[in-house]
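Protein chains in written order, with the numbering used here: chain A, 26 to 669; chain B, 76 to 148. In what follows, a structure is listed as structure tokens, so that the remarks can point back to it.
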């Protein structure tokens, strides 16, 4: 509680005490009673009266101060002193609670997003000094101790440590870093001491960019927020006019209707005429949602995108780097030729497991040796799969046959490594079945040994993610890829996608996407998921563009509307789930607030309720709606980890 | 040109919406947003009219919620 709130609380307490005295005081002296009421009223409500007066002078009539003043003074006039005072008192209590809860939520969201480093330890003139992160320049050497937050983006020059990226990615498994590796600001150094060279100034660092993004995200207003703003503009004047009519017309038309009774009913109207509950709770809901999602490593760049995500009908994906790892790896080593030969010689079964393993190792080793002089990505992936040191002295007479393969002598054996063309050229019979990916055939001294299959790999959680997405009301899942038909189809089948369009150039992707957008229903939306590297135009064209792997990739953060900080497709269904929850909460608040207010308006017009009920309609509804919107902050599984 | 301000003491969400509407109507303003939650005002407007815009915005804010202070961020 700040100073203002404390002052308000004190006034509320004094005023309540005076009210109690006024109620229990001897009834005989009417004027003494009224004096106490008035004193109490002025103490608790003077600021409201002052503000109302000031606004009237400025020509601004319809604000809550004016309405409260009118309602309470009106009550006093029809000799409902206690009720008039109570309305003012409860209004102030409500206001106090409201500013308390808004302040509290502002603070808790700020804490949640608090990834701002407080200081940096810079090495200057052989000494380590603590400075403000924005005083550090590119090229400076900084020291990060265990438990400290990395203040600026940099490259490790010394030390090995685990870093906790959960503040940025929501990923709880720490990542190991060592010399030469990039570290990003906002992460926490868990255990080792690391020294790093700064590569980006504070303003340009990851932490600044993310903070900037989340803070400005709620500037882009959602449709519900726009609706509320419009609603508030008309709601208050209409209710006030109705109140006026209610106070004047029935007493004139209906015989025996008392002026006081109808004024009382009109006053209830005025009390519920403030749209505060909606106006506060809806932005609060979205703001909390942005905070909650960012904790899970999902950056939503505007409140409006929650609505689009919740209404997505068609979800289109890029393949490489989005659903697959985008790294080529050895998928299969098949010594098919060696097995055939050995089974003919020894009479063993062709698919003898031990033999197969032994031959596979030999095949991989031979290939790795031959490929040891090449830097081609395929060669690299084969060497990586082999994983052991290669003695290049054993390899001689290496000859590269452009576009076909390599010929070399390994430990006296003549080894041929290459594609089908090379095999045909050398007149070697090879396995000609259809294989998905790049195939490297191997022959030794004229005999076919087998092949190695290299392909991109699906991301670990891709299958599960697609399943979840399909379960969440998405009508169609589509893949758009530049890859060939066989590979594209296989990946789509394995993931269970509904449709796949292959061999698309970047421009074709935009055209295809537009075609898909035209297939969505009136309210339905299309989401596109890409890696943000070469599909920026597609991301921009979709109703909502989602980029994967945002951590450390400025391109992805720039191009997309929603950024998944990690590489995991499983964050996509999660983003949909969060969006639906937030839209749900916002709708609940709208329906609840408008509903309760309407009911109270009707009941007070009929004279069934009293001012007390009306106060609930104002203050009570606001408080309940604000509490409800807090739920947006709590996204399931949102556990804050701390290392010390 | 974009200018950012902190609105200290911004306590009423409806007032924030009113401020935003009024500032958006000022001459030379391309887009203005008042964020009730972060208590921030961002004005995107013509460079040469910026000084005038800021002055007018200040007036608007004082008029709608006199306790709010507009401070350069």
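Glycine included, each C-beta is placed from N, C-alpha and C at the ideal position. Just so we're clear, the structure is a prediction, and the values are computed from it rather than from any experiment.
Quick one: Cα of residue i to Cα of residue j, how far?
i: residue 478/A; j: residue 393/A; result: 13 Å
i: residue 583/A; j: residue 235/A; result: 11 Å
i: residue 383/A; j: residue 367/A; result: 12 Å
i: residue 79/A; j: residue 83/B; result: 21 Å
i: residue 669/A; j: residue 84/A; result: The predicted model places residue 669/A with a pLDDT of 32, which falls under 50 and marks its position as unreliable; any figure quoted below should be read in that light. Their backbone Cα atoms lie some 58 Å apart in a straight line.
i: residue 515/A; j: residue 555/A; result: 19 Å
i: residue 480/A; j: residue 502/A; result: 23 Å
i: residue 40/A; j: residue 118/A; result: 11 Å
i: residue 67/A; j: residue 640/A; result: 19 Å
i: residue 316/A; j: residue 599/A; result: 15 Å
i: residue 122/B; j: residue 128/B; result: 10 Å
i: residue 664/A; j: residue 134/A; result: Note that residue 664/A scores a pLDDT of 40, beneath 50, so its modelled location is shaky and nothing firm can be said.
i: residue 32/A; j: residue 64/A; result: 17 Å
i: residue 245/A; j: residue 407/A; result: 49 Å
i: residue 148/B; j: residue 110/B; result: 14 Å
i: residue 282/A; j: residue 102/A; result: 18 Å
i: residue 54/A; j: residue 306/A; result: 46 Å
i: residue 193/A; j: residue 172/A; result: 16 Å
i: residue 111/A; j: residue 588/A; result: 50 Å
i: residue 387/A; j: residue 420/A; result: 15 Å
i: residue 309/A; j: residue 113/A; result: 26 Å
i: residue 646/A; j: residue 353/A; result: 58 Å
Once the 5 residues before and after residue i are set aside, which same chain residues still bring their CB inside 8 Å of it?
i: residue 488/A; result: 519, 520 and 521
i: residue 269/A; result: 291
i: residue 666/A; result: Here the model assigns residue 666/A a pLDDT of 36, short of 50, so the residue's position is not dependable and the matter cannot be decided.
i: residue 77/B; result: 117, 118 and 119
i: residue 579/A; result: 234
i: residue 202/A; result: 181, 185, 186, 187, 188, 208 and 219
i: residue 531/A; result: 507, 559, 560, 562 and 563
i: residue 242/A; result: 315, 324, 325, 326, 327 and 328
i: residue 638/A; result: 293, 625, 628 and 629
Which same chain residues, not among the five before or five after residue i, have their C-beta less than 6 Å away from its C-beta?
i: residue 560/A; result: 343
i: residue 183/A; result: 220
i: residue 162/A; result: none
i: residue 303/A; result: 253 and 618
i: residue 338/A; result: 500, 545 and 549
i: residue 453/A; result: 468 and 473
i: residue 460/A; result: 478
i: residue 276/A; result: 282, 284 and 287
i: residue 526/A; result: 505 and 537
i: residue 92/B; result: none
Would the C-beta of residue i count as close to the ligand ATP, meaning under 7 Å from any of its heavy atoms?
i: residue 622/A; result: Inclusion of the ligand ATP in the displayed structure is not the case, the ligand content being empty and no account of it being possible.
Sorted by chain position, which residues of the same chain lie with C-beta nearer than 7 Å to residue i's C-beta, five sequence neighbours on each side aside?
i: residue 233/A; result: 227
i: residue 656/A; result: 610
i: residue 156/A; result: 144, 145 and 147
i: residue 224/A; result: 163, 178, 179 and 180
Contact criterion: CB-CB distance below 8 Å. Does residue i meet it with respect to chain E?
i: residue 131/A; result: No chain E is part of this structure, whose protein chains are labelled A and B.
Check each residue of the stretch 279-312 of chain A: if its Cβ is closer than 7 Å to any Cβ of chain B, include it; give the result in chain order.
300, 301, 304, 305, 308, 309 and 312
Mind listing, in chain order, the continuous alpha helix (DSSP H) runs of no fewer than 4 residues lying wholly within the stretch 343-376 of chain A?
361-371
If you measure beta-carbon to beta-carbon, which residues of the stretch 238-272 of chain A are closer than 7 Å to chain B?
240, 243, 244, 254 and 257
Across the stretch 321-334 of chain A and the stretch 597-606 of chain A, are there enough close Cβ pairs to call them in contact, namely three or more that are closer than 8 Å?
Under the three-pair Cβ rule at 8 Å, the stretch 321-334 of chain A counts as touching the stretch 597-606 of chain A.
With a threshold of 8 Å, are at least 3 pairs of Cβ atoms found where one atom belongs to the stretch 47-58 of chain A and the other to the stretch 100-113 of chain B?
Touching, no.
Report the residues of the stretch 105-126 of chain A with a CB closer than 7 Å to any CB of chain B, ordered along the chain.
124
Return the residues of the stretch 57-86 of chain A that lie within a Cβ-Cβ distance of less than 8 Å from chain B, sorted by chain order.
76, 79, 83 and 85
Taking a Cβ distance cut-off of 9 Å, strictly less, list which residues of the stretch 89-105 of chain B are near chain A, in chain order.
89, 90, 91, 92, 93, 95 and 96
In chain order, what are the residue ranges of uninterrupted alpha helix (DSSP H) at least 4 long that sit wholly in the stretch 529-554 of chain A?
531-542
Are the stretch 353-364 of chain A and the stretch 562-580 of chain A in contact at 8 Å, needing three or more beta carbon pairs?
Using a Cβ-Cβ distance cut-off of 8 Å, the stretch 353-364 of chain A and the stretch 562-580 of chain A are not in contact, since fewer than three pairs of beta carbons, one from each stretch, lie closer than that value.
Taking only runs of the beta strand (DSSP E) that begin and end inside the stretch 259-321 of chain A, which ones reach a length of at least 3 residues, in chain order?
The stretch 259-321 of chain A contains no whole beta strand (DSSP E) run of 3 or more residues.
Touching by the beta-carbon criterion (3+ pairs, under 8 Å), the stretch 295-311 of chain A and the stretch 611-631 of chain A
yes
My parser needs the beta strand (DSSP E) runs of 3 or more residues fully inside the stretch 412-467 of chain A; what are they?
420-426, 430-435 and 438-443
Chain A contacts made by the stretch 115-136 of chain B, where a contact means CB separation under 8 Å:
The residues in question are 115 and 117.
Pairs of beta-carbons, one from the stretch 264-279 of chain A and one from the stretch 131-139 of chain B, closer than 8 Å: are there three or more?
Result no; under three Cβ-Cβ pairs closer than 8 Å.
Flag this pair as touching only if the stretch 55-74 of chain A and the stretch 93-105 of chain A have three or more C-beta atom pairs under 8 Å; answer yes or no.
yes
Answer yes if the stretch 423-439 of chain A comes into contact with the stretch 348-359 of chain A, meaning at least three C-beta pairs across the two stretches below 8 Å, and no otherwise.
no
Which complete beta strand (DSSP E) runs does the stretch 102-158 of chain A hold, if anything under 3 residues is left out?
145-149 and 152-156, all fully within the stretch 102-158 of chain A.
Enumerated in chain order, which unbroken segments of the beta strand (DSSP E) with a length of 3 residues or greater are wholly contained in the stretch 577-638 of chain A?
587-589
Counting only runs of 3+ residues fully inside the stretch 118-144 of chain B, write out the beta strand (DSSP E) ranges in chain order.
The qualifying runs do not exist here; there are none.
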